[in-house]
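Number of protein chains: 2
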Amino acid sequence: MPTPAHTSLEAIVRAGRAILEAEGLAGLTMHRVADAVGVRPPSLYKRVRNRGELVRLIGSDVARELGQTLDEATPGGDPRADLRSIALAFRSFARARPQAYRLLFDPLPDDWRPDSEAGREAVDVLFRVLSAVMGPAEVLPAARTLVAWAYGFVSMELADTFRLGGDVDEAFAFGIERLMDALAPADAMHDQARFAPAKSVFPDPR
Amino acid sequence: MPTPAHTSLEAIVRAGRAILEAEGLAGLTMHRVADAVGVRPPSLYKRVRNRGELVRLIGSDVARELGQTLDEATPGGDPRADLRSIALAFRSFARARPQAYRLLFDPLPDDWRPDSEAGREAVDVLFRVLSAVMGPAEVLPAARTLVAWAYGFVSMELADTFRLGGDVDEAFAFGIERLMDALAPADAMHDQARFAPAKSVFPDPR
DNA sequence: ACCTGAACACCGTTCAAGT
DNA sequence: ACCTGAACACCGTTCAAGT
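Listed below in structure tokens is the structure:
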């Protein structure tokens, strides 16, 4: 005689996400998730292969949310304004959910990582806007410079590694302006439509 | 009747560092360290308050090593060459000991973090060289831009987050050159001796 | 003075047994 | 079909007891 379900994958992922944000990755335990959804720990393994898969599901949700957030931040008028807006949106996204954000960049075991499909929109938005700003010539290294800076800055800020005083908001604004100047000198401005990639640049849909 | 010591703080830290590098932070357990130095886990607590303190001691060693490495990488001739050299030395330092490197930047509980004293030399070297390259005007936000980029880049590389192909060495070289151009336009070149800070800029010796 | 076994409160995960 | 208790192999840490 079948026992009725007491929980669901969706409830588990939602509870896991809340626990992650409140307690950090180390605090995201199967016992605590089980408590939160009202079952015993072994029952979780009916919906989820193991703790790593739960982390992967949460991280994939976060990656998709980031893509959507960046997309909404880029109305598509002035490419340079859009790029600035991406940087600001990225930072406030991370600050609003610092633990979830870390899942996107932390060195995790392969099967804990967000699905690469889930990160595609975020990557696409960046390449679209960056191509519009600087043309197609060196978009890949330029994107890496920009992402490395934004990720590094926000991570250091969240880790409280900026310990020399000074205005952190100002340092962020300083960085984005100087980087845009460095990557797209004024004479290299390009028409957005012309260089927007026809389709996703993301190579490996899982 | 006193029992002779079977181990030492130095042996514990050295063993801990080896285990950290081989197994990652999660693999650095008191049980494994105890095995490695030839005692039972409870004995470790004679030398070390807890696991966090062990992590802090290891991280402080790493921070001092980084400072020494950066210092040796900056002969002090051409400031721009020195700055490039700092970036390259930072990257190869991290790649040679990726797990230890993470202790310098990861968001850790306060009492797990490297002593701030331990990081002073690395910070000083950067400020000295950067002041020589660009003058004192905006050194703090410029240093933050540079460090955020270098840390972000190397961390993404170590986490294997660069998944779009392309040449990663080239992207690193691209980044450092563009950043130097952006932070220190040719007409802002300054005499090194004139702007080198007289003493450490580090504010809070612990 | 240092080391140890036993103990406690946790983990992730498996599995046989229940309904 | 889903849930559970019991179990196993781990953790960090404390403490009384040994030498």
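Here the protein sequences come in this chain order: A and B. FYI, the numbering for the first sequence is 1 to 206, going by the numbering used here. FYI, the numbering for the second sequence is 1001 to 1206, going by the numbering used here. Glycine residues also receive a C-beta, built at the ideal position from the N, C-alpha and C atoms.
Going by C-alpha to C-alpha distance, which of the options sits closest to residue i?
| i | options | result |
| --- | --- | --- |
| residue 1164 of chain B | A/53, A/169 and A/117 | A/117 |
| residue 1156 of chain B | A/130, A/108, A/74 and A/37 | A/108 |
| residue 1077 of chain B | B/1138, B/1008 and B/1132 | B/1132 |
| residue 1150 of chain B | B/1022, B/1128 and B/1174 | B/1174 |
| residue 122 of chain A | A/10, A/71, A/49 and A/96 | A/71 |
| residue 1178 of chain B | A/48, A/4, A/160 and A/144 | A/144 |
| residue 10 of chain A | A/69, A/48 and A/172 | A/48 |
| residue 1003 of chain B | B/1043, B/1035, B/1030 and B/1110 | B/1043 |
| residue 1018 of chain B | B/1084, B/1064, B/1006 and B/1101 | B/1101 |
| residue 1166 of chain B | A/140, A/153 and A/176 | A/140 |
If you follow the alpha helix (DSSP H) that residue i is part of, which residue opens it and which one closes it?
| i | result |
| --- | --- |
| residue 1149 of chain B | 1139–1158 |
| residue 1005 of chain B | Here residue 1005 of chain B belongs to no alpha helix (DSSP H), and DSSP marks it neither H nor E. |
| residue 1052 of chain B | 1051–1072 |
| residue 98 of chain A | 98–102 |
Determine the DSSP secondary structure at residue i, reduced to helix, strand or coil.
| i | result |
| --- | --- |
| residue 1114 of chain B | coil |
| residue 1040 of chain B | coil |
| residue 1015 of chain B | helix |
| residue 78 of chain A | coil |
| residue 1122 of chain B | helix |
| residue 181 of chain A | helix |
| residue 1028 of chain B | coil |
| residue 48 of chain A | coil |
| residue 196 of chain A | Any reading at residue 196 of chain A must be qualified, since the residue scores a pLDDT of 45, below 50, and its modelled position is unreliable; no value is offered. |
| residue 1166 of chain B | coil |
| residue 135 of chain A | coil |
| residue 108 of chain A | coil |
| residue 1020 of chain B | helix |
Is residue i close to chain A, meaning its C-beta is less than 7 Å from at least one C-beta of that chain?
| i | result |
| --- | --- |
| residue 1171 of chain B | yes |
| residue 1151 of chain B | yes |
| residue 945 of chain B | A query on residue 945 of chain B cannot be resolved here, the shown segment of chain B reaching from 1001 to 1206 and no further. |
| residue 1166 of chain B | yes |
| residue 1109 of chain B | no |
| residue 1140 of chain B | yes |
| residue 1071 of chain B | no |
| residue 1100 of chain B | no |
| residue 1181 of chain B | yes |
| residue 1063 of chain B | no |
Using beta carbons (cut-off 7 Å, strictly below), is residue i in contact with chain B?
| i | result |
| --- | --- |
| residue 188 of chain A | Unreliable placement is indicated for residue 188 of chain A, whose pLDDT of 49 sits below 50; no coordinate value is reported for it. |
| residue 16 of chain A | no |
| residue 267 of chain A | No information on residue 267 of chain A is available, as it lies outside the stretch 1 to 206 that chain A covers here. |
| residue 7 of chain A | no |
| residue 32 of chain A | no |
| residue 145 of chain A | yes |
| residue 148 of chain A | yes |
| residue 174 of chain A | yes |
| residue 178 of chain A | yes |
| residue 22 of chain A | no |
| residue 205 of chain A | In this prediction, residue 205 of chain A has a pLDDT of 38, which is less than 50 and means its spatial position is unreliable; what the coordinates show is noted afterwards. Taking Cβ atoms only, chain B never reaches closer than 7 Å to residue 205 of chain A, which makes this a no. |
Cβ of residue i within 6 Å of any heavy atom in the ligand FAD?
| i | result |
| --- | --- |
| residue 1128 of chain B | This structure simply doesn't include the ligand FAD, nor any ligand for that matter. |
message: Output needed in chain order: residues of the stretch 43–59 of chain A with a Cβ under 9 Å from some Cβ in chain B.
response: none
task: Mind checking the stretch 111–137 of chain A against chain B and listing, in chain order, the residues whose C-beta falls within less than 8 Å of any C-beta there?
output: 116 and 123
field: Cβ-based contacts, 9 Å cut-off: residues of the stretch 1077–1097 of chain B near chain A
entry: none
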